[in-house]
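Structure record follows, encoded as structure tokens.
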Amino acid sequence: MERVFNFSAGPSMLPLPVLERAAGEMTNYRGSGMSVMEMSHRSPVYDQIITDAEANFRKLLNIPQNYKVLFLQGGASTQFAAVPLNLMNKNKKADYILSGQFSSKAFEEAKKYGDAYAVASSKSEKFSFVPFVSREQFRADADYVHICMNNTIYGTKFPYLPDCGEIPLVADLSSCIASEPIDITKFGLIYAGAQKNIAPAGLTVVIVREDLIGNARPETPTMLDYKVMADNNSMYNTPPCYCIYMLGLVCEWLLSIGGLEEIKKRNETKAKLLYDYLDSQDYYFAPVRKDCRSMMNVTFVSGSEELDKLFVKEATAAGLVNLKGHRSVGGMRASIYNAMPYEGVEALVAFMKKFAAQHPKE
Ligand SMILES: *Cc1c(COP(=O)(O)O)cnc(C)c1O
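Structure (structure tokens):
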């Protein structure tokens, strides 16, 4: 069977050249006589792999020297606790913008550790937009401000970066990391589960400004203490070895095609094709406010649950898979991360037109 166009929100498509390279190196990594999955993380050959992966990741994202890169486990969800444990350490206050399910979960977790405050929320509008928050709305003595940059489930994205003055900005970039260039210096800390856009599931990447490390609360589990992980180059214990290797390959691939400027262009072109079609017709409805549309996750509905179901079923049969919306919102969601080729979105739009013609509404 041929490869399908996989619109899964995560784990999601990986670039075919990366998979092919990994396949070629699967049983005997560069003459080592073993797979990357089988080697000691303390061996010289693996040391080169993790060193190169970090170097390429830094180069790709243009990460300044005063930021540490940590390769961790536990998913982005573990960071919901690790962030307050490490950073809610002065006034035990943190301000959260609630723009979807993941930021709400992060907020609930932070409440366990101190005075977490929801500055704004778009929940009453079904998270169909990202609230705008201006500088004076943040508490001046908050230890950090937390946002979720791209809301995977609802298909929204921050159209702006909150101005929080001297307060460190913490951002969950799980579903948009490496999709376009960003200015790392605007953030105190960035975290991302790797399985959406940069690697297989099992790796969580943290990018953290050095001055924010080293003041974790005393009750912080060793495994969640950024200082322990930074001091040990992410090898306090066994790291997710194979995922880090794959991250390295994905970064090399992105660098080889022209880096984040180029992938941004490609991502914009793909998203525009789909949104332009959605805006040009009235069979499907895109619930997200236009200025907050995500470039990575595009949500839409037909207006009928039955038609939505049929859509997903017929699309699957046509080789367009995983288009079902998140179980909490229904409808459809097309996740078009870096690895989704333009042809995949073209095929989706062609299918949407055909489906609309074949299943007219009353
Ligand atoms: C998927 C996702 C998460 C949860 O990630 P896990 O790695 O499964 O814990 C958190 N935040 C965002 C934005 C996501 O897309």
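The sequence shown maps to residues 914 to 1275 in my numbering.
Even for Gly, the Cβ is constructed at its ideal location relative to N, Cα and C.
This structure is a prediction, so every number in the text was calculated from the model and none was measured.
Heavy atom of ligand 1 within 7 Å of residue i beta-carbon
{"i": "Gly-988", "result": "yes"}
{"i": "Cys-1156", "result": "no"}
{"i": "Phe-1015", "result": "yes"}
{"i": "Gln-1108", "result": "yes"}
{"i": "Cys-1205", "result": "no"}
{"i": "Gly-1068", "result": "no"}
{"i": "Asn-1063", "result": "yes"}
{"i": "Asp-1085", "result": "yes"}
{"i": "Thr-1182", "result": "no"}
{"i": "Gly-923", "result": "yes"}
{"i": "Ser-1012", "result": "no"}
{"i": "Ser-953", "result": "no"}
{"i": "Glu-1035", "result": "First, the residue type needs correcting, since residue 1035 is Ser and not Glu in the sequence shown. No - ligand 1 has no heavy atom lying nearer than 7 Å to the Cβ of Ser-1035."}
{"i": "Thr-1212", "result": "no"}
{"i": "Thr-1229", "result": "no"}
{"i": "Ser-1088", "result": "yes"}
{"i": "Thr-857", "result": "In the structure displayed, the chain extends from 914 to 1275; residue 857 sits before or after that span and is not available."}
Whole-Å CB distance - residue i paired with residue j, under 8 Å assumed
{"i": "Leu-1137", "j": "Lys-1099", "result": "Contact flag wrong, Cβ pair sits at about 25 Å."}
{"i": "Tyr-1057", "j": "Ala-1007", "result": "5 Å"}
{"i": "Gly-1027", "j": "Met-1001", "result": "5 Å"}
{"i": "Val-958", "j": "Phe-970", "result": "Not really, about 19 Å apart at Cβ, beyond 8 Å."}
{"i": "Gly-1127", "j": "Lys-1109", "result": "Contact doesn't hold; Cβ gap of about 30 Å is too wide."}
{"i": "Ser-1012", "j": "Thr-1069", "result": "6 Å"}
{"i": "Cys-1077", "j": "Met-1209", "result": "At roughly 24 Å, the Cβ-Cβ gap does not stay under 8 Å, so Cys-1077 and Met-1209 are not in contact."}
{"i": "Ile-1176", "j": "Asn-1251", "result": "5 Å"}
{"i": "Glu-1219", "j": "Gly-1243", "result": "Actually they are not in contact, since the Cβ atoms of Glu-1219 and Gly-1243 sit about 12 Å apart, beyond 8 Å."}
{"i": "Ile-1060", "j": "Ala-1084", "result": "5 Å"}
{"i": "Ile-1097", "j": "Leu-974", "result": "7 Å"}
{"i": "Val-1262", "j": "Tyr-1190", "result": "5 Å"}
{"i": "Ser-1041", "j": "Pro-1273", "result": "No, Ser-1041 and Pro-1273 are not in contact; Cβ-Cβ is about 27 Å, not under 8 Å."}
When the options are compared against residue i, the one with the closest alpha-carbon
{"i": "Lys-1222", "options": "Met-1245, Phe-918, Tyr-1190", "result": "Met-1245"}
{"i": "Ala-1114", "options": "Met-1159, Lys-1267, Leu-1191, His-1239", "result": "Met-1159"}
{"i": "Ile-1095", "options": "Lys-981, Leu-983, Ile-976", "result": "Ile-976"}
{"i": "Phe-984", "options": "Val-1121, His-1239, Tyr-1196, Gly-923", "result": "Val-1121"}
{"i": "Pro-1044", "options": "Arg-1206, Met-1265, Lys-1266, Leu-1220", "result": "Arg-1206"}
{"i": "Val-1032", "options": "Ser-1092, Glu-1049, Pro-1072", "result": "Glu-1049"}
{"i": "Lys-1185", "options": "Glu-1174, Ile-962, Ile-1249", "result": "Ile-1249"}
{"i": "Pro-1152", "options": "Ala-922, Ser-956, Ala-1269", "result": "Ser-956"}
{"i": "Ala-1227", "options": "Ala-1019, Glu-1132, Lys-1039, Lys-1266", "result": "Just to set this straight, residue 1227 is Glu in the shown sequence, not Ala. Nearest option by C-alpha distance: Lys-1266."}
{"i": "Asp-1124", "options": "Leu-1167, Ser-1092, Glu-1079", "result": "Glu-1079"}
{"i": "Ser-925", "options": "Lys-1036, Ser-1087, Ala-1019", "result": "Ser-1087"}
{"i": "Ser-921", "options": "Ala-1269, Phe-1264, Ala-1263, Arg-1240", "result": "Arg-1240"}
{"i": "Gly-1171", "options": "Gln-1271, His-954, Ser-1092", "result": "Ser-1092"}
{"i": "Glu-1038", "options": "Arg-1202, Ile-1060, Val-996, Tyr-1190", "result": "Arg-1202"}
{"i": "Arg-916", "options": "Phe-1224, Glu-1275, Asn-1004, Ala-1230", "result": "Ala-1230"}
{"i": "Ala-1260", "options": "Thr-1117, Lys-1003, Ala-1055, Leu-1187", "result": "Leu-1187"}
{"i": "Pro-1081", "options": "His-954, Ala-1055, Pro-1072, Asn-1064", "result": "Ala-1055"}
{"i": "Val-1118", "options": "Ile-963, Gly-946, Lys-1003", "result": "Ile-963"}
{"i": "Tyr-1030", "options": "Phe-1042, Tyr-1155, Ser-1016", "result": "Ser-1016"}
{"i": "Pro-1131", "options": "Phe-1268, Asn-999, Phe-1040, Val-1258", "result": "Asn-999"}
Buried/exposed call for residue i, threshold 16 Cβ in 10 Å
{"i": "Asp-1195", "result": "exposed"}
{"i": "Met-950", "result": "exposed"}
{"i": "Met-939", "result": "exposed"}
{"i": "Leu-1162", "result": "buried"}
{"i": "Asn-1276", "result": "Residue 1276 cannot be examined here, being either before or after the span of the chain that is shown, 914 to 1275."}
{"i": "Tyr-1104", "result": "buried"}
{"i": "Gln-961", "result": "exposed"}
{"i": "Leu-929", "result": "exposed"}
{"i": "Gln-992", "result": "buried"}
{"i": "Pro-1169", "result": "For the record, residue 1169 in the displayed sequence is Ser; it is not Pro. Classification for Ser-1169: exposed."}
{"i": "Asn-919", "result": "buried"}
{"i": "Met-1253", "result": "buried"}
{"i": "Gly-937", "result": "exposed"}
{"i": "Tyr-942", "result": "buried"}
{"i": "Ser-1047", "result": "exposed"}
{"i": "Pro-997", "result": "buried"}
{"i": "Glu-1275", "result": "exposed"}
{"i": "Tyr-1009", "result": "buried"}
Min CB distance residue i to chain C below 8 Å
{"i": "Val-1225", "result": "No chain C is part of this structure, which consists of one protein chain only."}
Check: residue i C-beta below 7 Å from any heavy atom of ligand 2
{"i": "Gln-992", "result": "Looking for ligand 2 in the displayed structure turns up nothing; the ligands present are ligand 1."}
- Message: Below 8 Å, how does it come out for the region 988-995 and the region 1165-1181: are there three or more Cβ pairs, yes or no?
- Response: no
- Item | Any 3 or more C-beta pairs closer than 8 Å across the region 1202-1214 and the region 1228-1235 | No, because fewer than three Cβ pairs between the region 1202-1214 and the region 1228-1235 fall closer than 8 Å, the two stretches do not touch.
- With a cut-off of 8 Å, do at least 3 Cβ pairs link the region 1023-1032 to the region 1143-1157? no
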